[in-house]
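Below is one structure; the comments refer to it alone.
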Amino acid sequence: MTISIDVVKQFAPIAIFSQYEAYFPCSIDYLLGGKNCKLQVDGGPTINNPTQHDLYNYPQGSNHVIIDPSQYGGTLKTDPGETPLYYAVQEFGDGIEIDYIFLYAYQGAQTFWATAPYPFDPVTWTYGVHQGDLERIAVRLVPAAGGGYRILEVCYERHGDETWFPPGQVPMQNGRIAVYPAMYGHSSTNIQEQVTGNHKGCPVVDDGNYLALQVVSVLASVPTPPDALVWNPAEQSPLVQIGLNWNGEPVNDQVWAKYAGHLGQLQTNSLESANYWAGGNVSGAEWAYLKTINFFASPILKSLTVGEGPTGPGSRYWIHPGSGMMANNELLAVWASDNMGITSDALARVALDLTGSGTDVVLDFWSNNKKVDATIFGPDGQSGFKRTGGMASTAPPEGYNAIAWLEAGLRSGGKEQALQLYKGGHSHLGVIVYGPDGGQDLTVLQQHDDTGQGWGFVNFSVADLRGDGTDQVVQFWNNGNVAAIVWGASGDDWFANLNAGSTNLEEGPDALAWLVADLRGDGKQEIIQLWHNKKNDHVGAVVYGSGGSQLFAKLSHQDDLDEGYGAVAWCVADLNGDGRDEVIQIWNDNGKAFAIVYGTNGDNGLTRLWRGNLDQPVDFVTWQVADLDGDGREEIVQLRDNGGKLAAIVYGGAPGNSLVVQSTNDDLYEGPKAVNWGWLSGNFNARKVGEVVQFWDNGGSLGMIAYGTAEGAGVGSGATPPDTRLA
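According to full-length UniProt numbering, the sequence shown is numbered sequentially starting from 1.
Structure (structure tokens):
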């Protein structure tokens with residue numbers, strides 16, 4: 001199996017350099033050119049006019065290449081046909097990673113934005129300079145439906161700091177990934193997501209503040225000015241592979257891949273002069289101001305006073321072959337859109353299989369002049385969503401008030417409907433059933449303004465009580481004890497009283513949680529009422545479901561499951577993939593997450609299967625359940641706020657009915673905030689794998705982010721992950 005050069009070219013980036021850039025990419029052989037180039041071997045000889053083979057023979061990390069200043073400008077501007085874009089390829093069990101490497105002979109001085117005594121734009125020589133520079137972007141690919149590959153995420157590396165972005169947050173130009181190297185510093189920048197301001201007509205990234213000096217990375221102006229160099233290496237330049245094999249040896253004639261020493265000397269920098277970004281010396285007053293700032297700020301500017309060339313490819317993780325999983329089954333942002341074309345406020349959002357195809361869509365219900373309107377977001381084939389429909393123009397207008405929004409498959413065939421429950425006529429329950437109009441849009445299938453029963457409730461549960469593929473809605477209400485009404489389809493009626501409930505189930509109405517689970521694996525779902533037994537502060541359970549000839553009955557009552565009642569989350573998941581659901585109680589054990597797994601006791605009740613300390617933080621923004629890799633076993637996803645960054649912990653089943661940590665990701669490169677109705681999980685994009693979706697407010701517009709795993713993103717695509725060698 002091979003990856004062809006065509007694939008490498010397909011995903012190669014376009015680089016848009018600042019119009020003020022003076023130092024451009026070059027080849028390793030050009031970098032080593034010039035009559036004064038030397039290789040200083042730590043504790044060994046100094047080699048004049050070194051070659052790649054000298055770097056191969058002396059690869060130690062403490063060695064330094066002394067670059068001849070005549071090479072600083074690079075070759076791209078004068079001879080793009082002789083300027084390679086280097087790349088490395090890693091193969092994993094769930095995809096491939098292509099790293100595109102930009103090699104420079106020199107990094108110029110630091111760019112600043114001064115805010116006092118008035119704004120100006122200095123470049124301070126020789127602060128920040130060093131010989132050599134090695135920057136990159138990385139593209140992770142997974143097999144695409146119908147063959148080939150698609151982008152899972154893209155990494156922009158800024159001086160060693162990696163930030164990964166999903167499709168939708170990756171800027172494109174002419175169908176290619178766009179990278180904006182910073183002026184002089186060359187850090188690879190995502191202009192769509194990483195820009196923090198605009199000065200002198202240039203987008204900038206704030207890299208820190210020293211008194212009244214703002215350290216900035218300066219990018220090319222937008223729109224791209226005619227004097228900015230735009231490099232499309234897939235069409236203009238050779239693409240040259242570098243890499244090491246499992247034995248640590250180069251995979252081809254690019255033997256410098258083994259070099260782990262520095263591509264540049266070690267030097268001391270100081271404030272010697274300053275000019276504007278566009279050239280020309282700063283004024284006398286500005287120079288005096290910079291010297292004053294330098295006097296006070298020099299202790300904190302010390303990171304700019306020492307310049308040392310970057311270490312070579314041999315020191316980088318991406319130069320080695322890949323192994324195992326690309327992302328270790330971590331949860332990743334696999335798709336994102338900052339603006340879905342509608343506002344972020346919603347009456348409700350539900351995920352359901354509207355057409356019976358096995359693929360979920362998102363229904364976003366919103367108020368249109370106090371009438372219900374809807375937007376349908378369906379799969380885009382790339383782990384994400386696109387607008388696929390809305391409320392049909394022929395649908396009767398309905399009021400927007402609701403006491404609950406549910407999704408249920410009321411009839412056989414796999415299609416699911418959305419239910420709007422509301423306070424109807426005569427203080428009775430009203431219901432509106434929404435479903436497809438036969439095309440791409442949503443319509444009203446039926447409305448009952450008066451169902452003949454009161455609207456009061458302590459819980460609405462949706463369960464397939466019969467196990468025949470049709471759902472029923474159970475309305476639990478407080479009649480002193482808990483009572484129930486069972487609703488479902490009957491004849492032409494989408495929502496009829498099935499006369500299977502009870503006015504007294506001889507249980508209290510209070511609950512810690514109401515859960516729906518198929519405990520026995522027979523296709524029939526049970527409804528579980530977990531309650532606080534105040535006699536011993538333990539958790540008790542009541543299980544309702546079908547039994548014998550009864551569609552709905554109380555199946556069991558347990559006063560004591562022999563565990564405390566406290567919980568930060570109650571989850572239902574088929575952890576083992578055997579068709580039987582488990583109930584998972586997560587509680588706070590002195591700041592750590594502790595879990596208890598319950599399952600069927602063989603007699604319509606619950607029993608404890610396992611308990612243990614998960615040794616993970618217990619705080620959360622949401623808990624979600626999804627089959628992330630499509631293997632039939634569901635995972636529990638804990639999303640949490642990690643200092644303003646969204647973090648994820650994924651738990652899964654293990655031998656002995658235990659729950660274990662499958663992966664952690666401390667930074668999904670997304671924020672933790674979400675709007676109301678802000679989290680959903682479902683099987684989106686027709687691959688029968690689960691994703692978690694976050695909805696957020698982007699200045700009044702709706703943003704969406706889909707999270708999944710690299711393995712799950714490529715499931716069912718029909719493509720085969722490649723080998724790491726070139727065809």
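For every residue, glycine included, the Cβ atom is placed at its ideal position computed from N, Cα and C.
Assigned with DSSP and collapsed to three states, residue 17 falls in coil, not helix or strand. For the set 613, 257, 287 and 95, the Cα lying nearest the Cα of residue 117 is the one of 287.
Around residue 608, the same chain offers 561, 562, 563, 596 and 598 as residues with beta carbons nearer than 7 Å, after the five sequence neighbours per side are excluded.
Uninterrupted beta strand (DSSP E) stretches at least 3 residues long and entirely within the region 282 to 322 occur at 306 to 308, given in chain order. Burial check for residue 123: the Cβ neighbour count within 10 Å reaches 16 or more, so the residue is buried.
The three-state reading of DSSP puts residue 254 in coil, since its state is none of H, G, I, E or B. Counting other Cβ atoms within 10 Å of its Cβ, residue 246 stays below 16 and is therefore classed as exposed. For residue 408, the CB contacts under 7 Å within the same chain, skipping 5 residues up- and downstream, are 416, 417, 419, 462, 471 and 473 in chain order. Three or more Cβ pairs closer than 8 Å define a contact, and the region 158 to 173 falls short of that threshold against the region 266 to 275. Residue range 52 to 57 is occupied by the alpha helix (DSSP H) that includes residue 57.
With a beta-carbon spacing of about 4 Å, residue 13 and residue 177 fall inside the 8 Å limit used to define contacts. Here the region 21 to 40 lies against the region 56 to 73, with 3 or more beta-carbon pairs under 8 Å apart. In this model, residue 669 and residue 49 are separated by some 44 Å (Cα to Cα).
By the CB criterion at 8 Å, residue 133 and residue 180 fall outside the cutoff. DSSP places residue 233 in the helix class (H, G or I) of the three-state scheme.
Annotated three-state conformation of residue 641 is strand, per DSSP. In this structure the region 81 to 92 does not lie against the region 277 to 291, because fewer than three pairs of beta carbons, one per stretch, are closer than 8 Å.
Its chain contains 92, 94, 95, 97, 140 and 710 as the residues whose beta carbon lies nearer than 7 Å to that of residue 326, once the 5 sequence neighbours on both sides are disregarded; these appear in chain order. In summary, residue 236 is exposed, with fewer than 16 beta-carbon neighbours lying within 10 Å of its beta-carbon over all protein chains present. Counting only residues of its own chain and dropping the five nearest sequence neighbours on each side, residue 28 has a CB closer than 6 Å to the CB of 256. Closest option to residue 586, judged by alpha-carbon separation, among 604, 573, 602 and 618: 618. Between residue 366 and the set 22, 702 and 328, the nearest pair of CA atoms involves 702. Residue 306 sits exposed, since fewer than 16 C-beta atoms from the chains shown fall within 10 Å of its C-beta. Distance between residue 353 and residue 640, taken at the CA atoms: about 28 Å. The beta carbon of residue 73 is closer than 8 Å to those of 22, 23, 24, 105 and 106 in its chain, skipping five residues each way along the sequence. In the three-state scheme derived from DSSP, where H, G and I count as helix and E and B as strand, residue 199 is classed as strand. The region 629 to 637 and the region 652 to 672 touch, with no fewer than 3 CB-CB distances between them shorter than 8 Å.
Its chain contains 453, 474, 475, 477, 497 and 501 as the residues whose beta carbon lies nearer than 8 Å to that of residue 485, once the 5 sequence neighbours on both sides are disregarded; these appear in chain order.
Within the DSSP bridge table, the entry for residue 704 names 337 and 695 as partners. Non-local C-beta neighbours of residue 442 in its own chain, meaning closer than 6 Å and more than five positions away in sequence, comprise 374, 391 and 434, ordered along the chain.
Judged by DSSP in its simplified three-state form, residue 242 adopts coil rather than helix or strand. In the structure shown, the three-state DSSP call for residue 269 is coil. Distance from the CA of residue 188 to the CA of residue 136, rounded to the nearest whole angstrom, comes to 7 Å. Just so you know, the alpha carbons of residue 290 and residue 121 end up roughly 11 Å apart.
At a cut-off of 3 residues, the continuous stretches assigned as beta strand (DSSP E) that sit fully inside the region 157 to 202 are 161 to 165, 176 to 181 and 197 to 199.
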